[in-house]
Every structure is written in C-alpha cells, then in structure tokens.
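Beneath this line is the structure, given in structure tokens, with notes to follow.
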Amino acid sequence: MSVLIIISGPSGVGKETLITEIRRKFPLFQIPVSYTTRPMREGDQNGVQYHFVTRGEFERMKSLDLFAESDEHFNNLYGTSKISLEKALESGDVLIELDVSGALQIKSKFPEAKLIFISPPSLDELEKRIRTRGKDSEESIRTRLARAEIEIEASKKFNHIIVNDNLEQAVAELTALVQNLLKGAKEVLK
Ligand code: 5GP
Numbered sequence: 039m040s041v042l043i044i045i046s047g048p049s050g051v052g053k054e055t056l057i058t059e060i061r062r063k064f065p066l067f068q069i070p071v072s073y074t075t076r077p078m079r080e081g082d083q084n085g086v087q088y089h090f091v092t093r094g095e096f097e098r099m100k101s102l103d104l105f106a107e108s109d110e111h112f113n114n115l116y117g118t119s120k121i122s123l124e125k126a127l128e129s130g131d132v133l134i135e136l137d138v139s140g141a142l143q144i145k146s147k148f149p150e151a152k153l154i155f156i157s158p159p160s161l162d163e164l165e166k167r168i169r170t171r172g173k174d175s176e177e178s179i180r181t182r183l184a185r186a187e188i189e190i191e192a193s194k195k196f197n198h199i200i201v202n203d204n205l206e207q208a209v210a211e212l213t214a215l216v217q218n219l220l221k222g223a224k225e226v227l228k
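Going left to right, the sequence shown walks through residues 39 to 228 as the working numbering numbers them.
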C-alpha cells in the first residue's frame, strides 16, 4: 500500500529547504498537481506547477466535491483534487506540502495519511528568521506570526513534529522519519 505523507509548517520555518532535501533523497515520491485560480506567473506551465482554472471552474469542482482539500491564500483558491491524489497513490508513495488546514482536511478524508509538522523552536525565533530574511513588510510579518501561532496550536493533531532548530539535524530527523514511515508500510504487507 502506498504511503501518503503531508508536510506542513509556518511560513519562514525552513520547510521548503527541508522538503527539497527530502525530495532529493527520495526521488520516487509522486506529487499530485494542484488546482489554483491564481494568475499564471512567468515560467508557469498549465498542468506542471498547477492546473490553472477560473474561479467559476474551481467553485464548480468544489460544489461537485472533487477536492480532497482546498483553501484560499491571498485571494486565490488552491486545491488538491481527489482524483489526482488517488492516481498519484496508485503510482507510488506521495509526499505533498500543504498548509495546516489543507493537511487536516486530507486527514479527515484519508485517515491513513501521515501528517508531519515542521515547527520553529519558538515564535520568537520564527520572528527573528522572518525579519532576517528581509522579504516581508511589517504588516505581513504580523500576519505570518499570527497565523503561525494558530498553526502551532493545530499541530497537536499531527502525527509527528520535527523542530527545525538546527537545519542539518532537522534534515536527519525528517529523513529517518520518512524512511520509517515507508518501511513501516512495507512491513505491514509482509
Ligand atoms: P504559490 O501561488 O506561491 O505557488 O502558492 C501560494 C500558497 O498556496 C503556498 O502557501 C502554498 O503552500 C499554497 N498551496 C499551493 N498548492 C496548494 C494546494 O493544493 N492546497 C492548499 N491548501 N494550498 C496550496
């Protein structure tokens, strides 16, 4: 049986770096392509980064209950279709990155999904990292921190938490965890 791993964590926690590293170490993970209503950016290709659809099309899909999860970010809708997810799971193990709300929605539809939360050592440390990165306005920093607080609270419902204090250590912990989750699933089959 294929394993479904969902990784979430607040903005600024370093999850992109961790996930890139995990994808490099486990290149066979399938990635279902999500749907979005956001305008295409330079370099985007329909069906590669996302399936780009109109708000009307997205809402129609939602009303037909075609999404395993969906959410709104910065006035754009994003969603993982049930069919894409099921097809990816038929092809192999799946690892996706989602916000906390999306991860919990998936868990309610796919209870066997393994939810991993990447946590900062503390909110103060997260604030320091976001400020050091220097990409965000004061207002955006406050929004991100308020959201992070809610996400950290919701992470109690996750299966695993990895604290990203030291990047190298977090990569090692996440690698060992992913390896165990894959191995555990294969052993059940024996
Ligand atoms: P971007 O438009 O920059 O590619 O992504 C913006 C945000 O949308 C990111 O926070 C990303 O995690 C989130 N996102 C991307 N795809 C999905 C999805 O399928 N479902 C949900 N819930 N969020 C997504």
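Where a beta carbon is used, it is the ideal one built from N, C-alpha and C, also for glycine. Just so you know, these numbers come straight off a predicted model, no measurement behind them.
Judged by beta-carbon spacing, Ser72 lies beyond the 9 Å limit of Phe155, meaning their Cβ atoms are not closer than that value. Between Ile57 and Glu107, the gap from beta carbon to beta carbon reaches 9 Å or more. Look at Gln207: its beta carbon is at least 8 Å from all of the heavy atoms in the ligand 5GP. If you compare the alpha carbons of Glu128, His111 and Arg98 with that of Val138, the shortest gap goes to His111. Contact between Ile200 and Glu211 holds, with the beta-carbon distance rounding to 5 Å and staying under 8 Å.
Straight-line spacing of the CA atoms in Lys195 and Leu142 works out to 8 Å. Residue pairing by DSSP places Asp109 opposite Tyr116 in a beta bridge. Three or more Cβ pairs closer than 8 Å define a contact, and the segment 68-83 meets that threshold against the segment 122-129. A distance of 9 Å or more separates the beta carbons of Val41 and Lys120. Under a 10 Å Cβ-count criterion, Asp131 is classified as buried, with 16 or more other Cβ atoms of the shown protein chains found around its own Cβ.
It is roughly 7 Å from the alpha-carbon of Leu115 to the alpha-carbon of Arg76.
In the DSSP assignment, Ser72 falls within the unbroken beta strand (DSSP E) covering Ser72 to Thr74. The beta carbon of Val86 is closer than 8 Å to those of Val71 in its chain, skipping five residues each way along the sequence.
Between Ala184 and Leu164, the C-beta spacing is not below 9 Å. Leu161 counts as exposed, since fewer than 16 other beta carbons sit within 10 angstroms of its beta carbon.
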